[in-house]
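Quick mapping for you: the protein sequence lines, in order, are chains R and A. 1103 is the number of the first residue of the first sequence in my numbering; add one for each residue after it. 91 is the number of the first residue of the second sequence in my numbering; add one for each residue after it. Step one of this worksheet: look at the structure below.
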Amino acid sequence: MNNEIKNKLLEIRNLKVVYETDLDTIYAVNGISFELDKGQTLGIVGETGAGKTTTALSILRLLPQDIGKITEGNIIFEGEDLTLVSESMMRKIRGEKISMIFQDPMTSLNPVLSIERQLLEALELHNTQNRDKNQLKARVDEMLELVGIPKNRKHEYPHQFSGGMKQRVVIAMALACNPLLIIADEPTTALDVTIQAQVLSMMKELKEKLGMSMILITHDLGIVAETCDKVAVMYAGEIIESGSIEDIFGREKHHPYTVGLFGSIPNLEIETPRLSPIDGLMPDPTNLPSGCKFHPRCPEAMEICSEELPPIIEYGSHTIVCHKFKKEGGVNEKN
Amino acid sequence: MKKTDDNERPLVEIIDIKKYFKTPFGLLHAVDNISLSISRGKTLGIVGESGCGKSTLGRVVLRLIPPTDGKILFNGENILDYDKKKMRLMRQKMQMIFQDPYSSLNPRKTVYEIIAEPLVVNCIFDSKRKINERVLFMMETVGLAERFINTYPHELDGGRRQRIGLARALSMNPQFIVCDEPVSALDVSIQAQILNLLMDLQDSLGLTYMFITHDLSVVKHISDEIAVLYIGQCVERAPSRELFQNPIHPYTKILLSSIPVPSLKSRSIQREVVKGEVTDPINPKPGCRFAPRCKYYKPECLSEELELKEVKPNHYVMCRLFG
Chain R
1103 MNNEIKNKLL EIRNLKVVYE TDLDTIYAVN GISFELDKGQ TLGIVGETGA GKTTTALSIL
1163 RLLPQDIGKI TEGNIIFEGE DLTLVSESMM RKIRGEKISM IFQDPMTSLN PVLSIERQLL
1223 EALELHNTQN RDKNQLKARV DEMLELVGIP KNRKHEYPHQ FSGGMKQRVV IAMALACNPL
1283 LIIADEPTTA LDVTIQAQVL SMMKELKEKL GMSMILITHD LGIVAETCDK VAVMYAGEII
1343 ESGSIEDIFG REKHHPYTVG LFGSIPNLEI ETPRLSPIDG LMPDPTNLPS GCKFHPRCPE
1403 AMEICSEELP PIIEYGSHTI VCHKFKKEGG VNEKN
Chain A
91 MKKTDDNERP LVEIIDIKKY FKTPFGLLHA VDNISLSISR GKTLGIVGES GCGKSTLGRV
151 VLRLIPPTDG KILFNGENIL DYDKKKMRLM RQKMQMIFQD PYSSLNPRKT VYEIIAEPLV
211 VNCIFDSKRK INERVLFMME TVGLAERFIN TYPHELDGGR RQRIGLARAL SMNPQFIVCD
271 EPVSALDVSI QAQILNLLMD LQDSLGLTYM FITHDLSVVK HISDEIAVLY IGQCVERAPS
331 RELFQNPIHP YTKILLSSIP VPSLKSRSIQ REVVKGEVTD PINPKPGCRF APRCKYYKPE
391 CLSEELELKE VKPNHYVMCR LFG
């Protein structure tokens, strides 16, 4: 039991985030909870507007000022609630303990600074061991080597690098301070498949070597299947299904939305004449449907779905938030 | 149905097409000697990574940009010989759907104006009423509700915008459509809706597609035949199922094994990761262009120009070692 507590790195409890604009209030994240142990990789899957990136930004407290607000919930990282710590504390945590890899490598590097300069920046800001300049420069070389970029190219500028190499520089930057947690927001979406395979296998290797935890945000179920230990499927700001990788990819029972997500991907192994997509569109986040937020698109919606919030059904580590499974007789059913 | 020459002949034939761009550093070989053909009512998938020349090829086929050399036969006639007037009529039969539904529609025009524009420009109908009818019919065909007729593109989501692009392309009753990454900017559930729509329309209207994409699972789903491009050259070409079951070219193999598969089986498989990045298409060296990244590389790979060879019926490969 003691061991379990020690291993827990991040816990999010009932997190709610809104964006307030002059016109509307956008309910981006609506009460999500999850845990992440040391060394684990959590995949957050969902479509545009599901609240994946907002979740990531709230962990780092990088929500747009005055507009994005955490209205409820706790983000507990190493026993400390990140929603309460001061901004100067937060600055120490960002980059040093939690770092983020952004989606677009083409725009997340500064075009007028050399690669070496950009990597040094993070190291200088978090220079807790008081290393001198030469030691820091040696660390830059080490990081570049780690991600497979020849160190004689460190004086070059981002435009001289290809997309895959830029993303590797971004990864090197994120890893420079040996963070405990890496949040990767669609790290390979902008890359070609062969380069994507290179970057993913490199990230997996580095994660194991350095013993970090990772939150991988993606819309690609294939990437999740290959790299994650746990999965959370998000829809309209809620986690509608979560579990271990075996629960999501190996079991029969799924939330109708997860079934729809799988049905939308052309399968390479089985030939299907037609895809079975989910009808309709994501709901408007300023005006979310009542009851289960998926009910207007759900092929199996019942009357109760529009009226009551769906229950959380648990099968061991696998949870599904859906009325359908309550009917089948298992509130908090364990197996 | 009478059997004519017309029915046996492929609708579109691309013969030895070359497109070079002049750059300050030399000639950029965007498309280098590609020959392909597409039969009536079929879909040819073009796959490759960014910079392999797939979009350039799509544009050249529609004569939106002139090729450096080669022929494009449509119904057996070389459209490169057509004069302006003839080409204008020809364009009604061949249309294009663009990648980004966010930037390919005029933001200052309503849905009605966007779909009606090709009809007005080509003077297809003599009355406004007929144009209205046609626009409404097209909207129904692609599954856009009538209430969107006076909205502007920014009010609609990506899936609906892509439907507008499709309605516009279809309004002229084309025979041939070049789809340049039509679903890559869309979410998976919307992507599946558009793919289904494209396939339904092909069935009901007998359309012929050239489907350009980097997404291999999409291309397998929609294509009858697939051509794999690498730095301006077609390195392998085969019927869809054959290509996925028996890929021959080392590049195709790596491309196929790079796709993340959404199942638990894939976790255990140690995938082949290709070293190095795509080489520069400016003044490429003779011989195999994939050689610098290929694990089977032998010095003779660079010795001479390669050609597509038919290794099995309908399966063409450009490789010295496996061809």
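All residues carry an ideal CB built from backbone N, CA and C; glycine is no exception.
Cβ-Cβ distances below 8 Å link R/G1393 to I1406, C1407, S1408, E1409, E1410, L1411 and P1412 in the same chain, with the five nearest sequence neighbours on each side left out; the list follows chain order. Closer than 9 Å to the CB of R/N1254 there is not a single CB belonging to chain A.
R/V1242 is not a Cβ neighbour of R/L1227, given a cutoff of 9 Å.
At a cut-off of 9 Å between beta-carbon atoms, R/V1131 makes no contact with chain A.
Taking a Cβ-Cβ threshold of 7 Å, the residues of chain A close to R/D1294 are E139, S140 and H304, in chain order. Counting of Cβ neighbours within 10 angstroms places R/Q1237 among the exposed residues, the total staying below 16. The beta carbon of R/D1139 lies closer than 8 Å to those of N1109, K1110, L1111 and S1315 in the same chain, with the five residues before and after it left out.
The bridge partners DSSP lists for A/V268 are A/M186 and A/M300.
For the beta strand (DSSP E) assignment, the uninterrupted runs of no fewer than 3 residues enclosed by the segment 1339-1409 of chain R are, from N- to C-terminal side, 1340-1346. The straight-line gap separating the alpha-carbon atoms of R/R1255 and A/D370 is approximately 18 Å. In the three-state DSSP reduction, R/H1261 falls in the helix class (H, G or I). Between the alpha carbons of R/S1303 and R/T1185 lies a gap of roughly 33 Å. Only those residues of the segment 1290-1322 of chain R whose C-beta falls short of 8 Å from the nearest C-beta of chain A are listed: D1294, V1295, T1296, I1297, Q1298, A1299, Q1300, L1302, S1303, H1321 and D1322.
Of R/E1113, R/I1200, R/V1295 and R/S1135, the smallest CA-CA separation from R/S1344 is found for R/S1135. Excluding the 5 residues flanking it on each side, A/V121 has same chain C-beta neighbours closer than 7 Å at I107, K108, K109, G143, T146, L147, V150 and G322, in chain order. Between the alpha carbons of A/P156 and A/I162 lies a gap of roughly 11 Å. Just so you know, the alpha carbons of A/I280 and R/I1380 end up roughly 8 Å apart. By a beta-carbon distance limit of 8 Å, R/P1358 does not contact R/C1279. Their separation comes to about 42 Å. Taken in chain order, the unbroken stretches of beta strand (DSSP E) that lie wholly in the segment 1185-1213 of chain R and span 3 residues or more are 1200-1203. Annotated three-state conformation of R/M1316 is strand, per DSSP. Ranked by Cα distance from A/P352, the first of R/I1350, R/S1264, R/H1257 and R/P1375 is R/I1350. The segment 302-352 of chain A is shown to contain whole alpha helix (DSSP H) runs of 4 or more residues at 306-312, 330-335 and 340-347, in chain order.
When the five nearest sequence neighbours on each side are left out, no beta carbon in the same chain lies closer than 6 Å to the beta carbon of A/K218.
Counting other Cβ atoms within 10 Å of its Cβ, A/N286 reaches 16 or more and is therefore classed as buried. The beta-carbon distance between R/T1290 and R/V1301, rounded to whole angstroms, is 5 Å. This is short enough to meet the 8 Å contact definition. The three-state reading of DSSP puts A/G141 in coil, since its state is none of H, G, I, E or B.
Look at A/P374: its C-beta is not under 9 Å from any C-beta on chain R.
Between R/G1170 and R/T1156, the gap from beta carbon to beta carbon is short of 9 Å.
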